[in-house]
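One structure below.
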Amino acid sequence: MTEQVTESQNNGAELLDLYERMVLIRRTEKAAYDLFMSGLVKGTTHLAAGQEGVAVGSSAALRPDDYVFATYRGHHHAMARGASAEECLAELMSKATGICQAKGGSMHLTKASAGMLGSYAIVGAHLPMAVGAAWSAKLRHSGQVAVAYFGDGATNIGAFHEALNLAAVWKLPVLFVCENNFYMEYTPISEVTAVTNPAADRAVAYGLPSEVIDGNDVIVVRDAVARAAWRAREGEGPTVIEAHTYRQYGHSRADPGKYRPAEEVEEWLKRDPLNIARTRLESLGVGAETIGQRESRAEQIVAAAVDAAKNAPDPDPALALTDVWADGGAAWRT
Amino acid sequence: MADVITYREAVAEGIAREMRRDETVVCLGEDIGAAEGVFKTTVGLHKEFGSQRVWDTPISEQAIVGAAMGAAMTGLRPVAEIMFSDFLACCWDYIANEIPKVRYMTGGQVTVPLVVRTANGGGLGFGAQHSQAVENWALTVPGLKIVAPSTPADVVGLMAASIRSPDPVVFFEHKGLLASKGEVPADEHVVELGKASVARPGDDVTIVALASTVPTALAAADELARDGVNAEVIDLRCLVPLDMATVLASVQRTSKIVIVEENPYQGGWGATVASIVADEGFEMLDAPVKRIAAACVPLPFADALEEQVIPTVSGVAAAVRALAAY
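Chains as they are written, first to last, in this note's numbering: chain A, 1 to 334; chain B, 1001 to 1326.
Here's what the structure looks like:
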């Protein structure tokens, strides 16, 4: 079992860092929403406010050289692995300083230097990729694990099932982490899925262990991912983790999410991952002032990031015809 | 020293040479290990390199190609087999949306040096879902290199270049050519991607061909030579990179061009070649640009029907004769 420092042992220092990281993501998502509504972010966004616990908790349990793969709702995963608010917001705003040089956009945030190997916008497509990265780690005896984050909606697409089966058969060091926010886009997942737990109940069919956890409690997530990563590194194969969580915005863009009952939204807002972490911090004796300082710092970082992104230059038009090929070019004929 | 081997043996030989050279080259696919491939194109690989280099997979085309992509991002050089090229449709998301786009959309952060190899084409009576020539499918997607050899030597040389390529390659092995034989250099043999070869020099008409249509074009050229028509046959070898320099240089001399494709006329690769010739070679031409492609129907089962659909030697010869008369 990986050594996990308990919160009481370090007086909540680690939890305080995780809390600040979640606040940073929350404020960044709020900024992204505001920028979208004011017309400075074009296309679409799929905000992860409310789901920060899954990203930050699991990143806390991973090694820096582990691989993660995310979906189009992936801002929190890029930032949990170290992408800055500025490079993410600049990408959303089509600026030259964007994390993907403004060639990816909101749905494709990637930080390969931190093992964050992409955000993919075809539902389920990245699960087999994570399996392949885990296969590579196994063949290279690197001790790395690969993590695929995906929504509940992805559990009904073929790639999910092909990925789980192959990973199980080859006993690969891969973690399948489902962020079950209970809605596949606009439709309740329960209306379109034959089992109660869309990811965990399917794991059984592939002989894989699974856990259903509170995805809004960053410590619960961290510990579950630590257990699964330990199993994977020991050669025990994949684990499916189904983390219950809730998105605080709609599915995308300006969707107000009115298809969700008000009482349900209210109930989940009470269980906001920031509230849960704050309660834990308070119980560890971390004072309101200390917490407030971290919140202020996160807010300042995001405010500065918004300013920097707004003032950043547009991308050089010549970039449109670069980086198709590894030589940096786009030539396809003589 | 050169050995005479079959096109089928050349596939395994080409892969084996690269696996000996580079230990990050790994293979995955259905029945490719102990069974040595349904087309026997992976004979000897499992025996020589073992189960840690040659991996049998379930019938899961998305997992095969998706896993190859993830492995390619993280330090391996995977060679994935899709048994029949028709099955590329089962993993088309990876071929069309994921593999060719990931480098571009991440601003160059990620590369995917992988090969997807697949048995392509008709002539063996496998019917509508196991006989298609689908190289034109791949040509619709920017970001893929597309290779389709016609000889055992090119299979080995282009396989080496494909596996060494830092870019993703779709490698079409033609089922109708598997039993054909040819000399293969015993030593290191690499054929650069994107260099067409002149399979037969001539001055009267240019015939552009690929994979199975190369022997068809050569047979037609032999027939035409008896009538005094001297056709030049260009084997494109690759659709991307597309060697239009060689094609246009030939048309400059012959002023006439016939393009012979196995994929259907509608949306076939020859249309791209023809459009470039029309655009950039218009003043070289003394005759219409002619395309001989498969009929726009699903591939029928019976030989007598299939030969009505796929380009034939006599059909190519007739087209060239018509052009030579201009």
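Beta carbons are placed, not taken as given, at the ideal position from N, Cα and C, and that holds for glycine.
Fair warning: this is a prediction, and the values are worked out from it, not measured in the lab.
L1242 of chain B: contacting residues in chain A (beta-carbon distance under 9 Å): Under the 9 Å cutoff, chain A gives W332, R333, T334.
CB contact below 9 Å: R1321 of chain B versus chain A: Not an interface residue.
Close beta carbons around A243 of chain A, own chain, < 7 Å, minus the five adjacent residues each side: Here the set comprises V54, V177, C178, E179, N180, I213, G215, V221.
Are the segment 199-209 of chain A and the segment 33-48 of chain A touching by the rule of at least three beta carbon pairs closer than 8 Å? At 8 Å Cβ cutoff, the stretches do not touch.
Neighbour flag for T44 of chain A against chain B, beta carbons, 9 Å: Residue contact with chain B for T44 of chain A: absent (no Cβ-Cβ distance below 9 Å to any residue of chain B).
Can you find a CB in chain B that lies within less than 9 Å of the CB of V131 of chain A? Output row for V131 of chain A: interface = yes.
Which of helix, strand or coil DSSP assigns to T1111 of chain B: Correct three-state label for T1111 of chain B: coil.
Any heavy atom of the ligand NAP inside 8 Å of the beta-carbon of A1271 of chain B? This structure does not include the ligand NAP; it has no bound ligands of any sort.
Straight-line CA distance for A226 of chain A to T196 of chain A? CA-to-CA, the gap between A226 of chain A and T196 of chain A works out to about 25 Å.
Which one of B:F1172, B:A1160, B:P1168, B:D1167 has the shortest CA to CA distance from A1148 of chain B? Looking only at B:F1172, B:A1160, B:P1168, B:D1167, the smallest Cα-Cα distance to A1148 of chain B is reached by B:F1172.
Chain A residues whose Cβ lies nearer than 8 Å to that of A1108 of chain B: Note that residue 1108 of chain B corresponds to Gly in the displayed sequence, not to Ala. Residues of chain A with a Cβ closer than 8 Å to the Cβ of G1108 of chain B are, in chain order, Q101, T322, D323, G328.
Cα-Cα separation between D314 of chain A and A96 of chain A, rounded to whole angstroms: The straight-line gap from Cα to Cα measures roughly 5 Å.
Do we get a CB-CB distance below 9 Å when we pair V1102 of chain B with the residues of chain A? Yes - at least one Cβ of chain A is within 9 Å of the one on V1102 of chain B.
According to DSSP, is I99 of chain A helix, strand or coil? For I99 of chain A, the three-state secondary structure derived from DSSP is coil.
In the structure shown, what three-state DSSP assignment does N311 of chain A receive? In the structure shown, N311 of chain A sits in a helix (DSSP, three-state: H, G or I).
In the DSSP assignment, find the alpha helix (DSSP H) that holds E87 of chain A and state where it starts and stops. Start and end: 85-92.
Strictly by DSSP, which residues pair up with T187 of chain A? The partner list for T187 of chain A (beta bridge, DSSP) reads A:M184.
Going by DSSP, what residues sit across from L1242 of chain B in a beta bridge? Answer is A:R333, bridged to L1242 of chain B.
Contact between the segment 1086-1106 of chain B and the segment 1061-1069 of chain B: three or more CB pairs below 8 Å? In short, these stretches touch, since the Cβ pair count reaches three.
So if I threshold CB-CB distances at 7 Å, which residues from the segment 1060-1077 of chain B count as touching chain A? Only S1060, Q1062, A1063, G1066, A1067, A1068, M1069, G1070, A1071, M1073, T1074, G1075, L1076 from the segment 1060-1077 of chain B bring a Cβ to less than 7 Å from some Cβ of chain A.
Proximity of A1160 of chain B and G1182 of chain B at Cβ, strictly below 9 Å: With a cutoff of 9 Å on beta-carbon distance, A1160 of chain B and G1182 of chain B are scored as not near each other.
Nearest by alpha-carbon distance to A309 of chain A: which of A:E52, A:G12, A:A102, A:E14 is it? Nearest of A:E52, A:G12, A:A102, A:E14 to A309 of chain A, Cα basis: A:A102.
Which partner residues does S1314 of chain B have in the DSSP bridge list? Partner(s): none; S1314 of chain B has no beta bridge.
Expressed to the nearest angstrom, what Euclidean distance is found between the alpha-carbon atoms of I99 of chain A and Y249 of chain A? Between I99 of chain A and Y249 of chain A, the C-alpha separation is close to 23 Å.
Expressed to the nearest angstrom, what Euclidean distance is found between the alpha-carbon atoms of K1256 of chain B and N1230 of chain B? Between the alpha carbons of K1256 of chain B and N1230 of chain B lies a gap of roughly 12 Å.
May I have the straight-line CA-CA distance separating S210 of chain A from L175 of chain A, to the nearest angstrom? Going by the C-alpha atoms only, they are around 10 Å apart.
Tell me whether the segment 108-120 of chain A and the segment 59-71 of chain A touch, counting them as touching only if at least three CB pairs, one residue from each stretch, are closer than 8 Å. Taking a contact to require three or more Cβ pairs closer than 8 Å, the segment 108-120 of chain A and the segment 59-71 of chain A qualify as touching.
Quick check on the burial criterion: 16 or more other C-beta atoms within 10 angstroms. Buried or exposed for T2 of chain A? Residue confidence for T2 of chain A is low, a pLDDT of 45 falling below 50, so the modelled location carries little weight and cannot support an answer.
Please state the DSSP three-state secondary structure of T45 of chain A. Note: T45 of chain A maps to coil in three-state DSSP.
Interface residues of chain B around A159 of chain A at Cβ under 7 Å? Within chain B, Q1062, G1066 have C-beta atoms less than 7 Å from the C-beta of A159 of chain A, given in sequence order.
Is there contact between the segment 1233-1246 of chain B and the segment 1210-1218 of chain B, where contact requires at least three CB pairs shorter than 8 Å? Segments in contact, yes.
For chain B, check one thing: does any of its Cβ atoms lie closer than 9 Å to the Cβ of V169 of chain A? Using a CB distance cut-off of 9 Å, V169 of chain A counts as an interface residue toward chain B.
Does any C-beta atom of chain A lie closer than 9 Å to the C-beta of P1288 of chain B? No, no contact with chain A.
Just curious, the beta strand (DSSP E) that M1083 of chain B is in, first and last residue? Where M1083 of chain B is concerned, the enclosing beta strand (DSSP E) stretches over 1077-1084.
Whole-angstrom C-beta distance between A1274 of chain B and I1259 of chain B, which should lie under 8 Å: That belief holds up - the Cβ atoms of I1259 of chain B and A1274 of chain B are roughly 6 Å apart, short of 8 Å.
Give a yes or no on whether 9 Å exceeds the smallest Cβ distance from Q1052 of chain B to chain A. By this cut-off, Q1052 of chain B is an interface position.
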